[in-house]
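One structure is given below, encoded as structure tokens.
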Amino acid sequence: SGTMIIDGRKVDYTNQKNILSVIRDSGIDLPTFCYHSELSIYGACRMCSVETSKGEIIASCSEKPRDGMEIFTNSPRIRKYRKMILELLLANHDKDCTSCDRTGRCQLQKLAKRYGLGKNRFPQINKDYEVDNSSPSIIRNPNKCIKCGDCVMVCEEIQGVGALGFVHRGSDVMINPAFNKSLAQSNCVNCGQCRIVCPTGAISIKNETQKVWDALYDKNIRVVAQIAPAVRVALGEEFGKNPGEITTGKIVAILKKLGVDHVFDTSLSADLTVMEESEEFIGRLQRNENLPLFTSCCPAWVKYAEDKYPNLNKNISSCKSPQQMFGTVLREAYNQKDFEDGKDTFILSIMPCTAKKAEAARKEYIHDGIREVDVVLTTQELAIMIKELGIKFDEIEEEAMDMPFGIGSGAGIIFGTTGGVTEAVLRRVLKNKYGKDDCKIIFESVRGLESVKETSVNVDGREIRLAVVHGLKYADNLIKQLQRGEKQYDLIEVMACTGGCIAGGGQPVPKVITKETRMLRAGGLYKIDKSIQIKSSDDNYAVNNVYENILKNNRHKLHNHK
Ligand code: HC1
Ligand code: SF4
2 SGTMIIDGRK
12 VDYTNQKNIL
22 SVIRDSGIDL
32 PTFCYHSELS
42 IYGACRMCSV
52 ETSKGEIIAS
62 CSEKPRDGME
72 IFTNSPRIRK
82 YRKMILELLL
92 ANHDKDCTSC
102 DRTGRCQLQK
112 LAKRYGLGKN
122 RFPQINKDYE
132 VDNSSPSIIR
142 NPNKCIKCGD
152 CVMVCEEIQG
162 VGALGFVHRG
172 SDVMINPAFN
182 KSLAQSNCVN
192 CGQCRIVCPT
202 GAISIKNETQ
212 KVWDALYDKN
222 IRVVAQIAPA
232 VRVALGEEFG
242 KNPGEITTGK
252 IVAILKKLGV
262 DHVFDTSLSA
272 DLTVMEESEE
282 FIGRLQRNEN
292 LPLFTSCCPA
302 WVKYAEDKYP
312 NLNKNISSCK
322 SPQQMFGTVL
332 REAYNQKDFE
342 DGKDTFILSI
352 MPCTAKKAEA
362 ARKEYIHDGI
372 REVDVVLTTQ
382 ELAIMIKELG
392 IKFDEIEEEA
402 MDMPFGIGSG
412 AGIIFGTTGG
422 VTEAVLRRVL
432 KNKYGKDDCK
442 IIFESVRGLE
452 SVKETSVNVD
462 GREIRLAVVH
472 GLKYADNLIK
482 QLQRGEKQYD
492 LIEVMACTGG
502 CIAGGGQPVP
512 KVITKETRML
522 RAGGLYKIDK
532 SIQIKSSDDN
542 YAVNNVYENI
552 LKNNRHKLHN
562 HK
């Protein structure tokens, strides 16, 4: 701790790790492109530069605060320097802001405005790089890239994937997948975390809204939608609400306004997943085979494991994800009706996740040319549709989801945050085995944002060891520990994105996503859970209805047949 002098004002600091944090904590919004407190410091953008009393210009993100140090954040030299950086970036950046999906929320655009940049002194350089459209989930446009390195860092440090890297040097430097491959050919797992940290429109979601408009306009098509748990606690952010604010009823009403015929809840199929997965788990425990069981609901994790640890295939749950289970159930439910009405049913998912687009496109989920889920729209794309239609979000009156698939249990809701799947399975498996208070303690142990959470419970005399991990890099570490025999578990929940689906690659992007954003969104899900009478998946009568009246003898269709 100590005291610094910032712009002539004494500022005390305690344990801030760099000068940038001291400045920001003192109430000055010093701009950056490349600084994310969760990633390592890279110092590429130099926007956070400040001048010292000795006249040096330093990047405040890369220097520790020192007692007595005096700095200026807005000296004439710094102002000039900052503007020059921005001008150089803009000269290298394509100019089609109006058609960019990041317009209005682009950090470069915002700062250009904030520093009153007018006509650029530097000549415009158009490099005309090819746009990479190959991925089913995201689009990379190098012409909009400012080389801050955020995407490289998140992909490497948090996801452990390393699909992106710097190539070339000097003014030719750019970011690409290795060996000049396209994203689709690379080991990218489609998580979209690079898009969350990208300050410009260089990485964006593959926009599939037109396919949905087409289906909505077609009289011969019945559009049926499912809404994932995490969407409802983040969509509001696009309309001025705080992270975690619950907007389920508005989403339903809006989808209806858009012309969707029936709106259902993915947390119902999350309940189905709990039923199937806990049975699978108990079976494996009894036979002592293929343990630990890894969860299979996160498609980015599934792809990661397939690519990197093919030997783990038998350990990964055979359960389809809730999204695909719902697609399966809805196809069963509407098959006959489609035939009678002469209509086609179009199944739309609204998901917080870019990898869900890739999941729905997997060949095992296409039967006789028909996909289980036709189109996956991310939360962000739903916001685009709402804005296109000009719906006033605040004025929309809430509506309930439709029956018989519009009810999920609290367990199905908390799937959307790290630890949720584990808690949901535990609610079912521990039923009548522990008192309420003990359950509370056990459930608490899998909540929160710690990268790896562990707990163990005694079920019928057997100690069951569970681990919950989010961020693929941490999953990778855990797998290595298992392989070295340092750790032993029976059940491992893996979610690719830090915080789980609430922080998925398809969610709205705050200026920077922080721990607080994640806590608030997760808090929204726990709040919904509190307000639902049905806490455990097996108590959800809508689940029983699916088994008895829809699936009948076709329960196996909820599984991947490996
Ligand atoms: Fe998720 Fe899931 S929780 S994976 O985060 O298992 O996307 O929300 O829908 O499928 O339910 C995502 C969320 C979602 C599935 C469920
Ligand atoms: Fe890396 Fe995920 Fe981006 Fe792919 S989508 S490049 S895996 S961060």
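Numbering (UniProt numbering), first residue to last: 2 to 563. Where is the CB? At the ideal position from N, CA and C, for every residue including glycine.
Alpha carbons only, please: which of the options is nearest the one belonging to residue i?
i: L383; options: N121, N289, F416, M352; result: M352
i: V232; options: K441, I493, S350; result: S350
i: S63; options: D30, I24, I20; result: I20
i: N127; options: A359, L91, G245, M402; result: L91
i: A476; options: L313, V51, C146; result: L313
i: M520; options: G449, Q125, I480; result: G449
i: C107; options: G69, D129, S172, T33; result: T33
i: V153; options: C320, H94, E451, C195; result: C195
i: K220; options: T515, D339, G500; result: D339
i: H368; options: L256, I397, R332, Q337; result: R332
i: C498; options: I514, K553, L483; result: I514
i: E341; options: K321, I283, R223; result: R223
i: K182; options: V132, I228, A226, Y310; result: V132
i: G56; options: N561, R67, Q337, S76; result: S76
i: A229; options: Q110, N16, L526; result: L526
i: Q96; options: E71, P66, G245, D129; result: In the sequence on display, residue 96 carries Lys and not Gln. Comparing Cα-Cα distances from K96 to each of E71, P66, G245, D129, the minimum goes to D129.
Following the continuous alpha helix (DSSP H) through residue i, name the residue where it begins and the one where it ends.
i: K65; result: Note, K65: premise wrong, no alpha helix (DSSP H); not H, not E.
i: K481; result: 473 to 484
i: F327; result: 323 to 342
i: Q227; result: Q227 -> not in any alpha helix (DSSP H); beta strand (DSSP E) instead, spanning 222 to 228.
i: P300; result: 300 to 309
i: I283; result: 267 to 288
i: T380; result: 380 to 390
i: T418; result: Element bounds for T418: n/a, residue is neither H nor E.
i: V23; result: 20 to 26
i: E360; result: 356 to 361
i: V213; result: 210 to 218
i: L236; result: Element bounds for L236: n/a, residue is neither H nor E.
i: I255; result: 249 to 259
Could you spell out the range, first to last residue, of the beta strand (DSSP E) harbouring residue i?
i: A60; result: 58 to 60
i: R10; result: 10 to 14
i: D345; result: 345 to 352
i: T74; result: Per DSSP, T74 belongs to no beta strand (DSSP E) and is neither H nor E.
i: M175; result: 175 to 178
i: residue 573; result: Past the edges of the chain, shown from 2 to 563, lies residue 573, and the structure says nothing about it.
i: V168; result: 165 to 168
i: T201; result: Note, T201: premise wrong, no beta strand (DSSP E); not H, not E.
i: V51; result: 50 to 53
With a threshold of 7 Å on Cβ separation, who are the neighbours of residue i within its own chain once the five nearest residues in sequence on each side are excluded?
i: A179; result: G166, S187
i: P434; result: Residue identity check: residue 434 is Lys in the sequence provided, not Pro. Counting only Cβ-Cβ distances below 7 Å, and skipping sequence neighbours, we find V460.
i: I317; result: F295, S297, V303, A306
i: L31; result: L21, I24, R25, C49, S61, T74
i: V155; result: L40, Q194, C195, V198
i: D403; result: H263, V264, F265
For residue i, which residues in the same chain have their Cβ closer than 6 Å to its Cβ, ignoring the five residues on either side in sequence?
i: Y43; result: C35, G150
i: N121; result: E88, L91, A92
i: R78; result: E52
Ordered along the chain, which non-local residues of its own chain (more than five positions away) have a Cβ less than 8 Å from that of residue i?
i: E399; result: T249, G250, K251, V253, A254
i: K148; result: A45, F167, V174, M175, I176
i: N191; result: S136, P137, S138, I139, P300, A301, K304, T355, A356, K358, A359, G506
i: K84; result: Y116, L118
i: K563; result: N314, K315, S319
i: P124; result: A92
i: L431; result: C440, I443, V458, V460
Between residue i and the ligand COA, is the CB less than 7 Å from at least one heavy atom?
i: I139; result: With respect to small molecules bound, the structure shown includes the ligand HC1 and the ligand SF4 and not the ligand COA.
Inset, instruction - Run through the UniProt domain "4Fe-4S His(Cys)3-ligated-type" (78 to 117) for me and flag every whole alpha helix (DSSP H) of 4 or more residues, listed as ranges in chain order. - result: 108 to 115
Inset, instruction - Evaluate the contact criterion for the region 410 to 428 versus the region 519 to 538: three or more CB pairs, one atom per stretch, below 8 Å. - result: Between the region 410 to 428 and the region 519 to 538, the count of Cβ pairs shorter than 8 Å is three or higher; the stretches touch.
Inset, instruction - Report yes or no: do the region 336 to 348 and the region 493 to 503 share at least 3 C-beta pairs separated by less than 8 Å? - result: Proximity of the region 336 to 348 to the region 493 to 503 falls short of the contact definition, fewer than three beta-carbon pairs being nearer than 8 Å.
Inset, instruction - Go through the region 426 to 469 residue by residue and report every complete run of the beta strand (DSSP E) that reaches 3 residues or more, in order. - result: If we require 3 residues or more, the beta strand (DSSP E) runs fully inside the region 426 to 469 come out as 453 to 460.
Legend entry - Any 3 or more C-beta pairs closer than 8 Å across the region 367 to 382 and the region 494 to 509: yes
Inset, instruction - Pair every Cβ in the region 430 to 439 with every Cβ in the region 260 to 269, then say whether three or more of these pairs are closer than 8 Å. - result: no
Inset, instruction - Run through the region 471 to 557 for me and flag every whole alpha helix (DSSP H) of 4 or more residues, listed as ranges in chain order. - result: 473 to 484, 516 to 532, 542 to 546
Legend entry - Any 3 or more C-beta pairs closer than 8 Å across the region 146 to 161 and the region 460 to 476: yes
Legend entry - Inter-stretch contact at 8 Å, needing at least 3 Cβ pairs: the region 203 to 222 / the region 94 to 109: yes
Legend entry - Segment contact, 8 Å Cβ cut-off, at least three pairs: the region 538 to 557 with the region 135 to 147: no
Legend entry - Any 3 or more C-beta pairs closer than 8 Å across the region 363 to 378 and the region 319 to 328: yes
Legend entry - Start-end ranges of the beta strand (DSSP E) lying completely within the region 113 to 163, minimum 3 residues: As far as the region 113 to 163 is concerned, its whole beta strand (DSSP E) runs of at least 3 residues are 139 to 141.
Legend entry - Cβ contact (3+ pairs, closer than 8 Å) linking the region 270 to 280 and the region 452 to 468: no
Legend entry - the region 404 to 418 contacting the region 266 to 273, beta-carbon criterion three pairs below 8 Å: yes
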